[in-house]
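Note that the UniProt record's numbering has the sequence shown beginning at 1, numbered continuously upward. The beta carbon of each residue, even a glycine, is placed where N, CA and C say it ideally should be. From a predicted model like this one, the values you see are computed outputs, not experimental measurements. Okay, so here's the structure we're looking at.
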Amino acid sequence: MKVAVIGAGLSGLGCAKILQQAGLEITVFEKSRGLGGRMSTRRTESWQCDHGAQYFTARSAQFRDEVDSWIRAGAAAEWQATIISIGERPADLPDARKSETRRFVGTPGMSAPARFMAQGLNIKSQCRVQTLQRRGGGWLLGYQSANGATETAQFDWVVCAMPAPQSSELLSSSAPDVSAAIQRFGMQPCWAVMLACDNPLEASFDAAFVNEGALSWIARDTSKPSRKGAECWLLHASEQWSLDNLELTAEQATTNLLAEFARLTGIELNAFNVTQTSAHRWRYARNGDAPDAPVSRLESGLKLGICGDWLNGGRVEGAWQSGRHLAQSILNCATCHHPNPDR
Ligand code: FAD
Ligand code: NAD
């Protein structure tokens, strides 16, 4: 059985791995050059910085085992950070400083666990899937390959492992009902600004949850284990600010968020301490709560599976669980394993 997995984030890779171990023939399509999706690191010659997911927790025994395997492989480590809270903490959240939560990061950058999981998988990176058509009881994928050519490939099954709006769009003509059903899972944007500093900033913390103004999170990326290069800080804007300022240029977002960082921390930023900046706009960063959502979605009649963090809590662990859950559902499905009769 040939399966195309679209998206090499944690959900797609988690799904692909289990299906391949069960003997299915898997091809993973990824539009970007790097793997890991929203677990990603920006790199330059003189600095690096995680600009998507900042760390992950492991609440389930299965994910703890997985994280242990990453740690043994040198692809992750615990981040023992001093994390403060700025502004009034929401009443339902415990104090981060008192919590015994263990937080982990990829090493040497956030995409390392994805690269580790990808070992042994057939991954077509820089291949954006553009069309999906039902064909011969299976699926015909149209994709743009790394050299810019438009190509097609036939599969028995398709797994969509992308943010909800991207999966919904790709399925709009071939599976309109499924596309409409997942359209309700809207996702919110997040502006990220990175600043590299030749002279370390004088701060008494490694990271901060921010509950006022334009920011939601600040982190000294170089306080994470195995980071190389100049001191680097990461700022995430709040959901509301990101929504209100979605169409700013990267320069405008940077100027605004640096000013907010200086206001909140009292740290003066100037050409002496900040030498380079960079910004990234995540259009689909996080989802709202969807307590009634299944962990993953199996459309056995269509030979289609859907997974992603947005179906399961919007975090790294949830993404991984969603991909594994989908793989198990495909393997458990009695009618799913017949090859297409007309192939
Ligand atoms: P993704 O990682 O989004 O993977 C989807 C993949 O599909 C991407 O690689 C994308 O390039 C690819 N793709 C999309 N369309 C196509 C196409 N047409 N063809 C081919 N490939 C395609 N979680 C935490 O646990 N802790 C945090 O601290 C945290 N902070 C976050 C901060 C930010 C700013 C963001 C954006 C996210 C954060 N998250 C955090 C959430 C976490 O990153 C996600 O839950 C998780 O990485 C999602 O994995 P996924 O596989 O579901 O999706
Ligand atoms: P976690 O266990 O570290 O987060 C929960 C704990 O962190 C809480 O118990 C509390 O102690 C502290 N905390 C969280 N938010 C806080 C706040 N606003 N103020 C003060 N303390 C706060 O980690 P997790 O549950 O694995 O969640 C991962 C993190 O990923 C969360 O902080 C979440 O906001 C973040 N995230 C961000 C995006 C984005 O787009 N920016 C997307 C998805 C997840």
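Classification of residue i by the beta-carbon crowding that lies within 10 angstroms, buried from 16 upward
i: D244; result: exposed
i: R220; result: buried
i: Q62; result: exposed
i: N287; result: buried
i: L246; result: exposed
i: C232; result: buried
i: residue 362; result: This structure does not reach residue 362, given that the chain is present from 1 up to 343, and the question cannot be answered.
i: F185; result: buried
i: P163; result: buried
i: Q240; result: exposed
i: S148; result: The amino acid at residue 148 is misidentified as Ser; the sequence shows Gly. Classification for G148: exposed.
i: S99; result: exposed
i: Q48; result: buried
i: residue 390; result: Outside the displayed span of the chain (1 to 343) sits residue 390, for which this structure offers no information.
i: R89; result: exposed
i: L170; result: buried
i: A180; result: exposed
i: T249; result: exposed
i: Q321; result: buried
i: I6; result: buried
i: I18; result: buried
i: E66; result: buried
i: S216; result: buried
i: P118; result: This sequence places Ala at residue 118; Pro is not what is there. Result: buried.
i: D177; result: exposed
i: R33; result: exposed
i: P341; result: Unreliable placement is indicated for P341, whose pLDDT of 46 sits below 50; the coordinate value is still reported in the next sentence. Label assigned to P341: exposed.
i: A91; result: exposed
Check: residue i C-beta below 7 Å from any heavy atom of the ligand FAD
i: A319; result: yes
i: F56; result: yes
i: S11; result: yes
i: M194; result: no
i: H325; result: no
i: D309; result: yes
i: V295; result: no
i: K31; result: yes
i: A53; result: yes
i: G37; result: yes
i: G186; result: no
i: P113; result: no
i: W70; result: no
i: V129; result: yes
is_contact[residue i, chain C] using C-beta, thresh 8 Å
i: Q154; result: Given the protein chain composition of this structure (a single chain), no chain C is represented.
Check: residue i C-beta below 7 Å from any heavy atom of the ligand ADP
i: I6; result: Absent from the structure shown: the ligand ADP. Ligands present: the ligand FAD and the ligand NAD.
Residue i CB to nearest heavy atom of the ligand NAD below 7 Å
i: residue 349; result: What the structure shows of the chain is the stretch from 1 to 343, and residue 349 is not part of that stretch, so it cannot be assessed.
i: G288; result: no
i: D95; result: yes
i: R42; result: no
i: T101; result: yes
i: W301; result: Before going further, note that residue 301 is Gly rather than Trp in the sequence given. No, since every heavy atom of the ligand NAD falls outside the 7 Å radius drawn around the Cβ of G301.
i: A285; result: yes
i: C190; result: yes
i: S60; result: no
i: R89; result: yes
i: G314; result: yes
i: H236; result: yes
Residue j beta carbon less than 8 Å from that of residue i
i: I267; j: A203; result: yes
i: P294; j: L311; result: yes
i: A259; j: A237; result: no
i: N270; j: N199; result: no
i: A208; j: I84; result: yes
i: C160; j: E30; result: no
i: Y284; j: Q166; result: yes
i: A77; j: P113; result: no
i: residue 345; j: S223; result: Outside the displayed range of the chain (1 to 343) lies residue 345, so it cannot be described from this structure.
i: L36; j: S111; result: The question names Leu, yet the displayed sequence has Gly at residue 36. Result yes, Cβ atoms of G36 and S111 sit closer than 8 Å.
i: V316; j: L93; result: no
i: A8; j: V28; result: yes
i: F116; j: A73; result: yes
i: S168; j: Q154; result: no
i: residue 344; j: S125; result: Here the chain comprises residues numbered 1 to 343, so residue 344 is not present and cannot be evaluated.
i: L121; j: Q20; result: yes
i: L234; j: F261; result: no
i: G87; j: E212; result: yes
Sufficient close CB pairs (3 or more, under 8 Å) joining the segment 10 to 20 to the segment 307 to 327:
yes
Are the segment 301 to 308 and the segment 275 to 286 touching by the rule of at least three beta carbon pairs closer than 8 Å?
no
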